[in-house]
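As structure tokens, the structure follows; a few thoughts come after it.
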């Protein structure tokens, strides 16, 4: 008998009693899960604002800066499936608690890192801790909310936190850097983890769904290596040199290993991941929706952070406050998603969410300039935040409902892997589009009085253009900044237009492929 069938009906001395306790405490459980998830999401983007201060302190090279940012999700993505399924086998609370300990210790190590190699290694450990926490939160949430309507509300809150955390990262990073130092951006994790540990033991009973077979280490290693290769290729898409060659090679090898993983799962009587889940149209469309949402949210979030700081010349805190529009709208949209899903089906809510984001990105692509216009920027950020959170909630609800209870950890890990790969793709794909247009546009603009060497340096990026301008001074510096900012806005507009096209296609695909009904065979709540 599945744990889901036992929920809410067991007497205190029966095996299902711990799960009944979990259901009674479900809202407190949701609070502690979302708090820990928020920190994990924030840490993926907190360096967007903290990196300049960190670089001034530790003096990393350009390549080292890339690894400082990338290593977190690069390590988290391949480990999500392993830790998600470990929770199904050996206990979800156990993996969650270990994740808290690892995450807290890694945060301390990052905050007090004496040099760049220690910092990168500590960020890698931070990613491993995040990979333990993320799938556990979603699979425990399914256990705590057996009622489909209540679970939709809970998933809405979870999705809003997961999505807004990526936006809150720069906001929190900007505040902590300006108020204290870059160290504080990581030290803030420690007291939260210290409080979360006893609360988790008190509020959340242990749960697992061991299938009667040993946990397949070989499958876990294959999945980790395959996803790592793909993630590394994504991270290297927009970079040149030897790493540009290494990226595609790693991607091909990663895909080959994933093919071997899939073949192994089909042979096993009890696979680590039931790949037949992807034959369910609801599951596959939901995973693709999550991937697209994270591509747009993280990729455009980074570009907007650069736009606000380097084009509009706002201080980090002022720039981060503009991004607060997205976070507030994401939370509001996630809370609204539950009632919408009760009245309409998953397909309609997903399509409306995608259409809202497409409209916002299309407007921004047409009218964004080098002069701040809050009457345009504010509504665009609000629409993006609300649209992605509504669509993400609908997709997460459909994904969880389409998987059997005993596959909750694996299904959650697949969604979280889509989160991490989407974040990497967002930076790589949208960043590459914007960077390519920027580099092509800058030489075509008139720049009288600017030396050729400064123009060549400026073509590398807006940050480099700002550095080159600081060495010129006078009218030449102003001219270089003007053409660089115009070129960046041109590149950002192309990236926004690409996002518009992607969301229009996604809305059409969701309307055609996603089943109209929200109910699926494995969800009897």
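In this note's numbering, the protein residues as written are -10 to 514. Using N, Cα and C, we set each Cβ at its ideal position, and we do this for glycine too.
Check, Outcome
"Measuring straight from C-alpha to C-alpha, what distance separates residue 372 and residue 253?", "43 Å"
"For residue 479, which of helix, strand or coil comes out of DSSP?", "helix"
"Using a Cβ-Cβ cutoff of less than 7 Å, which residues in the same chain neighbour residue 222 once the five nearest sequence positions on both sides are dropped?", "236, 237, 239, 240, 243"
"Report buried or exposed for residue 479, applying the criterion of at least 16 other Cβ atoms within 10 angstroms of its Cβ.", "buried"
"Just the Cα atoms here: how many angstroms apart are residue 197 and residue 174?", "34 Å"
"Would you tell me roughly how many angstroms separate the C-alpha atoms of residue 141 and residue 275, rounded to the nearest one?", "14 Å"
"For residue 498 and residue 346, what's the separation of their Cα atoms in angstroms?", "15 Å"
"Could you have a look at residue 503 and say whether DSSP puts it in helix, strand or coil?", "coil"
"Should the region 471 to 489 be called in touch with the region 424 to 439, which here means at least 3 C-beta pairs below 8 Å?", "yes"
"Taking a contact to mean a Cβ-Cβ separation below 8 Å, would you say residue 20 touches residue 72 in this structure?", "no"
"Hey, how far is the Cα of residue 547 from the Cα of residue 116?", "Lying outside -10 to 514, the shown extent of the chain, residue 547 is not represented and no answer is given."
"Please list the terminal residues of the continuous alpha helix (DSSP H) segment that includes residue 455.", "451 to 461"
"Under the three-state reduction of DSSP, which class applies to residue 82: helix, strand or coil?", "helix"
"Can you give the beta carbon distance from residue 349 to residue 369, rounded, assuming they're within the 8 Å contact cut?", "5 Å"
"Nearest CA to the CA of residue 114: which residue from 131, 133, 92, 298?", "92"
"Among the candidates 165, 213, 469, whose CA atom is the shortest distance from the CA of residue 515?", "The first residue shown for the chain is -10 and the last is 514, placing residue 515 beyond what the model contains."
"Mind checking whether residue 400 and residue 247 have CB atoms under 8 Å apart?", "no"
"Taking the C-alpha atoms as reference points, what is the distance between residue 405 and residue 259?", "22 Å"
"Is it the case that the Cβ atoms of residue 382 and residue 300 are separated by a distance below 8 Å?", "no"
"Note the first and the last residue of the continuous alpha helix (DSSP H) segment covering residue 106.", "105 to 133"
"Would you check if the distance between the CB atom of residue 415 and the CB atom of residue 283 is smaller than 8 Å?", "yes"
"When the Cα atoms are used, what is the spatial distance from residue 157 to residue 461?", "35 Å"
"Alpha carbon to alpha carbon, how far is residue 82 from residue 190? Give it in angstroms, no decimals.", "8 Å"
"Can you look up residue 464 in the DSSP assignment and give me helix, strand or coil?", "helix"
"Would you mind stating whether residue 166 and residue 308 have Cβ atoms separated by less than 8 Å?", "no"
"Would you kindly work out how many angstroms separate the C-alpha atoms of residue 515 and residue 138, rounded to a whole number?", "With the chain covering -10 to 514 only, the question about residue 515 has no answer from this structure."
"Identify, in the order they occur along the chain, each residue of the same chain with its Cβ nearer than 7 Å to the Cβ of residue 230, setting aside the five sequence neighbours on each side.", "Any reading at residue 230 needs caution, since the residue's pLDDT is 46, under 50, leaving its predicted position unreliable; the model's value is listed next. So the list is empty, once near-sequence residues are dropped."
"Do residue 150 and residue 534 count as a contact pair if the criterion is CB distance below 8 Å?", "Outside the modelled stretch of the chain, which goes from -10 to 514, sits residue 534, for which no answer is possible."
"Per DSSP, what kind of secondary structure is residue 407 in: helix, strand or coil?", "helix"
"Which residue comes first and which comes last in the alpha helix (DSSP H) that contains residue 190?", "178 to 192"
"Apart from the five residues just before and just after residue 423, which ones in its own chain have a Cβ nearer than 7 Å to its Cβ?", "292, 480, 481, 483, 484"
"Looking only at its chain, what residues have a beta carbon closer than 7 Å to the beta carbon of residue 186, apart from the 5 residues adjacent to it on each side?", "86, 89"
"Can you tell which of 66, 303, 110, 210 has the C-alpha that lies nearest to the C-alpha of residue 53?", "110"
"Determine the closest residue to residue 245 out of 264, 219, 257, with distance taken between C-alpha atoms.", "219"
"Leaving out the 5 sequence neighbours to the left and right, which residues in its chain are closer than 8 Å to residue 26 when beta-carbon positions are compared?", "122, 123, 126, 147, 150, 151, 154"
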